[in-house]
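Residue numbers (the working numbering), protein chains in the order written: chain A, 116 to 235; chain B, 415 to 528.
Glycine residues also receive a C-beta, built at the ideal position from the N, C-alpha and C atoms.
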Amino acid sequence: GAVVSQHPSWVICKSGTSVKIECRSLDFQATTMFWYRQFPKQSLMLMATSNEGSKATYEQGVEKDKFLINHASLTLSTLTVTSAHPEDSSFYICSARVLAGGIVGDNEQFFGPGTRLTVL
Amino acid sequence: AQSVAQPEDQVNVAEGNPLTVKCTYSVSGNPYLFWYVQYPNRGLQFLLKYITGDNLVKGSYGFEAEFNKSQTSFHLKKPSALVSDSALYFCAVRSPSGTYKYIFGTGTRLKVLA
């Protein structure tokens, strides 16, 4: 149990276009989802915290108008990279926190497989 | 401010030998500590966590980690490495209260040589 999916797994787009990435908790409800960005050979940098039914909380230095986050239901959060540029190319990973701080198999937060975005 | 340090970019170990991947942390209060593993182009898989209790935590795939409060360390260990353990390992910390935000270390690439 406790599977998180991301769609698409990879995407290539032209500079200036917008790309939407979906993060779904498949078999549990998640009040909170997190979006991370990972550069090659580097750690995960938290971009924003997404709470169901409310506005996302962005980390310092992350442009909220560029990285639009919507958490419309307890199982879905989306990240839209607007007017993408080559410097936005990266590996984007989401994670989902189990509802009400629950634990599944001793874990409290589950990560999606990631989406590789390449902007030409 | 919270932080996590993984001092080694890469660790090489022969198959069958014990392995250690180091992690030190800085956080106010009692930390919640985690280890995750990442395979190429994949998300993170949970290995183990420490919240309280026994300083030696056992996790998935034969991994364990030892919490040392005085040294503010949480090193990942395995008695006998497998080639399939080769991957990128991340240590993470979060505050026991608040937002459940994780702070990750920079990662250590483990290479197990046959």
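field: Beta-carbon gap between threonine 230 of chain A and serine 133 of chain A smaller than 7 angstroms
entry: no
message: On the DSSP letters alone, give me the boundaries of the beta strand (DSSP E) that glutamate 137 of chain A sits inside.
response: 134-140
query: So glutamine 153 of chain A packs on serine 205 of chain A, CB below 8 angstroms; how close in whole Å?
result: 7 angstroms
query: What does threonine 208 of chain A touch in chain B if you count any residue whose Cβ is under 8 angstroms from its own?
result: As written in the sequence, residue 208 of chain A is isoleucine, which differs from the threonine given in the question. Going along chain B in sequence order, the residues near isoleucine 208 of chain A (Cβ under 8 angstroms) are Gly457, Leu458.
query: Should histidine 186 of chain A be labelled buried (16 or more other beta-carbon atoms within 10 Å of its own) or exposed?
result: buried
Alpha-carbon spacing of methionine 162 of chain A relative to alanine 199 of chain A, whole angstroms: 16 angstroms
message: Please give the ranges of any beta strand (DSSP E) in the stretch 119-181 of chain A, keeping only runs that are unbroken, at least 3 residues long and fully inside the region.
response: 119-122, 125-128, 134-140, 147-153, 159-166
task: Take leucine 458 of chain B as the anchor and find which of A:Asp203, A:Glu202, A:Leu183, A:Gln121 has the nearest alpha-carbon.
output: A:Gln121
- prompt: Are the CB atoms of phenylalanine 481 of chain B and serine 158 of chain A nearer to each other than 7 angstroms?
  reply: no
message: For chain A, check one thing: does any of its Cβ atoms lie closer than 7 angstroms to the Cβ of tyrosine 439 of chain B?
response: no
message: Can you pull out the residues from the stretch 139-169 of chain A whose beta carbon lies closer than 9 angstroms to at least one beta carbon of chain B?
response: Thr147, Phe149, Tyr151, Gln153, Lys156, Gln157, Ser158, Leu159, Met160, Leu161, Thr164
query: Does the beta carbon of glycine 131 of chain A come closer than 7 angstroms to any beta carbon on chain B?
result: no
message: I'd like to know whether the C-beta of proline 228 of chain A is nearer than 7 angstroms to at least one C-beta of chain B.
response: yes
task: Using DSSP bridges, identify the partner residues of isoleucine 399 of chain B.
output: The requested residue 399 of chain B does not occur in the structure, where chain B is confined to residues 415 to 528.
- request: Over the uninterrupted beta strand (DSSP E) stretch that includes histidine 489 of chain B, give me the two end residues.
  value: 487-492
field: Cα-Cα separation between tyrosine 151 of chain A and leucine 183 of chain A, rounded to whole angstroms
entry: 13 angstroms
query: Cα-Cα, which of A:Val118, A:Glu167, A:Asp180, A:Ile136 is closest to valine 126 of chain A?
result: A:Ile136
message: Using the three-state DSSP reduction, which class does tyrosine 446 of chain B fall into: helix, strand or coil?
response: strand
field: Residue range of the beta strand (DSSP E) that includes lysine 483 of chain B
entry: Premise fails: lysine 483 of chain B is in no beta strand (DSSP E) and is neither H nor E.
message: Spatial neighbours of valine 427 of chain B within its chain, please: C-beta separation below 8 angstroms, excluding the five flanking residues on both sides.
response: Leu433, Ala495, Leu524, Lys525, Val526, Leu527
field: serine 474 of chain B (DSSP reduced to helix, strand or coil)
entry: helix
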